[in-house]
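So for the sequence shown, the numbering used here puts the first residue at -3; every next one is plus one. No residue lacks a Cβ here, since even glycine has one placed at the ideal position from N, Cα and C. Just so you know, these numbers come straight off a predicted model, no measurement behind them.
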Amino acid sequence: MNVGIIGAGHNGLVAASYLARDGFDVEVFERSDHVGGLCVSEELFEGFKVTSVASYYGMLRKEVVKDMELEKHGLEAYLTDPAEIVLFEDGNYIFTPRDGSGSKYSIDDLTDRDLSGWNNFWSDIGKTARLIAPYYFKPDSTTVQLEQLIRENNLPTIADSIFRGSLLELAGNYFSNEKLKSAVSTCTPGFASLVGTVYGCIHHGTAETSGVEGAWGLVRGGMGSISEAMRRSLEADGVKVKLNSEVTRILLDGDKAQALEFKNGIKKEYDYIISTADHNITFGKLIQESPALAKIPSIFKSSPSNVSAGKLHFSLKAIPEFPVLKKLGHNYSGIIVFAPSLKAILADSLSVQEGQLPSELMMTLAIPSVTDDTVAPPGKHILNVDVHCLPARINGGDWTEEDNRNLLEQVLLRLEKLAPSIRNCIEASFVVSPQVLRTRYNLESMCCWQLSMTEFPFDKRNINNLPAYHTPIENLFLAGAGTFGGGNVTGVSGYNCAKAIARLEEKVAS
Ligand SMILES: Cc1cc2nc3c(=O)[nH]c(=O)nc-3n(C[C@H](O)[C@H](O)[C@H](O)COP(=O)(O)OP(=O)(O)OC[C@H]3O[C@@H](n4cnc5c(N)ncnc54)[C@H](O)[C@@H]3O)c2cc1C
């Protein structure tokens, strides 16, 4: 049985690996000139290795790491010390060392009651994450079953809100301090005032790095090292990934997917076709007019993502001094979060959806060259800045070069408040705007998880109540982040989809 896979993002590579081990004849086709999709390290500046889109490790399931022998093939994930510092604009902070001594708080009006509520909140989020983590590998699970599971485990408040409440509402049950609320808002995809963000936060809580549950870390060489390790693992199993091989059409015979057509006009027939491109590409571009398309709800043909994200990279001749970090004796490793005020988060949750830049940028920074000497030349550094929650389309149109320059300026203005010397340290910059995600990284939906994580959790990602990964088109399967298991570099969708196809074949054979 032969399988053609569209896309060599990490999910395409994982699907290929498991199918090859189950005896399928697999070919993977990638439009760009490298593997990894959004999980990639690139030489954006000469001599630097930049983890250009996804930067943080933790979500990749250990089963995948083990089965594909990724460590043997070069994957080196590690934890930083400290873990994280959340900075507020007024110079206050929450500082979390890795030594287990607990967070240190510099927040003026913090009460003991707030602090114990905050600790209970994270304890409950962690418990829930551990409860639901195994269900990512059970693709027939539903949100209703998961709510019940959480309730049965004495977490009724979380059960009520995980898929139906907002993170800020939930947090309000535990603590009332505004700075703690703005800090928690940085821990979920999308605006924390919106429904679904409790799940977003718990999803991130399923991370694990170096055996530490809930922990996020970095990868030596950037996230692209994961994809490269996957490519090596596949090659060891005799599977070749074909780069610069854009699929232009999925050819159907009635309601059945039959062949792929490539940019050079060549057509190839397959028993199974898997697309890991987002729904907007799979259903909006690769399938031409066909009655089968009518069976697919429009929400899956062009997911209406209003909110996207951006990333800015800076090559540095020196690390900029953050006076607040210097005072703490901080070593500039780990994650540095810029939390907006609660007032701004609430206002921006509406205006960003209408196409405006946030009034205060929510940002996550890392300087991986502090702990990894492979990503920058000696004496130089690299700064990655994630800007959360940007409008997918700005002021009613596509992002332009001018919008990119404006975003760059806004980011620098925000950084300057806590690192006044930043501009003197920068040699070059690169902006990944939502439009760049679309054009350079083939993310047509501009949604970081192909399909919103908050609106489409677990089985809500399945099309027409079909089993996960199936489509109304026979023999056409999906395995990208837009499917059950969802966004981030988890490998879950690729794994589950491969297993679903293998089970189908077993059934036919018996
Ligand atoms: C700004 C940003 C920051 C993020 N940060 C993190 C993070 O820190 N940690 C984390 O775990 N996750 C992060 N994510 C999410 C994560 O990157 C994605 O969810 C994940 O990488 C998706 O993997 P995938 O294999 O499903 O899809 P993709 O990586 O998008 O792969 C799909 C592949 O299909 C290819 N393709 C598309 N169309 C065609 C065609 N017609 N023919 C051939 N090939 C085609 C594409 O080029 C691409 O390589 C981030 C996402 C964004 C946008």
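- Contact between D267 and N471 holds: CB atoms are separated by about 7 Å, below the 8 Å threshold.
- Non-local beta-carbon contacts of G392 in its own chain, meaning distances under 7 Å to residues more than five positions away in sequence, involve G351 in chain order.
- Under the DSSP assignment, V303 falls outside any alpha helix (DSSP H), being part of the beta strand (DSSP E) whose first and last residues are V303 to L312.
- Secondary structure note for E265: its beta strand (DSSP E) is the uninterrupted segment K263 to E265.
- For G476, the shortest C-beta to heavy atom distance toward ligand 1 is below 6 Å.
- When Cβ pairs closer than 8 Å are counted between the two stretches, the stretch 153 to 160 is seen not to touch the stretch 314 to 321, the count staying below three.
- Secondary structure of I146 (DSSP, three-state): helix.
- Annotation: the continuous alpha helix (DSSP H) that includes K58 extends over K58 to D63.
- Only residues of its own chain outside the window of five on either side were considered, and among them G43 have a CB closer than 6 Å to the CB of P373, listed in chain order.
- By the Cβ criterion, the stretch 461 to 477 is not in contact with the stretch 139 to 149, since fewer than three pairs of Cβ atoms, one from each stretch, lie closer than 8 Å.
- Between ligand 1 and the CB of W395, the shortest heavy atom gap is not smaller than 6 Å.
- Judged by DSSP secondary structure, Y89 falls within the beta strand (DSSP E) whose first and last residues are Y89 to T92.
- Annotated as distal: M64 and S102, with beta-carbon spacing of 7 Å or more.
- Look at the beta carbons and you see the stretch 366 to 383 touching the stretch 303 to 314: at least three pairs across the two are nearer than 8 Å.
- When the Cα atoms are used, D21 and L111 turn out to be separated by approximately 56 Å.
- Per the DSSP secondary-structure output, S271 pairs in a beta bridge with I2 and L474.
- Judged by DSSP secondary structure, A255 falls outside any alpha helix (DSSP H) and instead within the beta strand (DSSP E) spanning K252 to F258.
- In the three-state DSSP reduction, F454 falls in the helix class (H, G or I).
- The three-state secondary structure of G8, taken from DSSP, is helix.
- Of all alpha-carbon atoms in S286, D104, A179 and K503, the one lying nearest the alpha-carbon of I81 is that of A179.
- Counted as a single uninterrupted DSSP element, the alpha helix (DSSP H) harbouring V407 occupies residues E397 to L414.
- Less than 7 Å separates the beta-carbon of I2 from that of V243.
- In the structure shown, F296 falls within a helical segment according to DSSP collapsed to helix, strand and coil.
- Separation of M226 and V10 (C-alpha to C-alpha, rounded to the nearest whole angstrom) is 7 Å.
- Annotated three-state conformation of G122 is helix, per DSSP.
- Shown here for L462: same chain residues with a beta carbon closer than 8 Å to its own, the five before and five after excluded, namely P468 in chain order.
- Counting other Cβ atoms within 10 Å of its Cβ, V215 reaches 16 or more and is therefore classed as buried.
- A Cβ-Cβ separation of about 13 Å leaves F159 out of contact with Y131 under the 8 Å criterion.
- By the C-beta density criterion, Q446 is buried, having at least 16 other C-beta atoms within 10 angstroms.
- With a threshold of 16 other beta carbon atoms within 10 Å, Q284 falls short and is exposed.
- Residue environment: K175 is assigned as buried (16 or more neighbouring CB atoms within 10 Å of its CB, all protein chains considered).
- Around K297, the same chain offers H275, N276, F279, G280 and L289 as residues with beta carbons nearer than 8 Å, after the five sequence neighbours per side are excluded.
- Between Y53 and A73 a beta carbon distance of about 5 Å is seen, short of the 8 Å cut, so the two are scored as contacting.
- The stretch 330 to 343 and the stretch 447 to 462 do not touch, with fewer than 3 CB-CB distances between them shorter than 8 Å.
- For Y52, the CB falls within less than 6 Å of some heavy atom of ligand 1.
- In terms of Cα proximity to G234, the closest of K252, E23 and T272 is E23.
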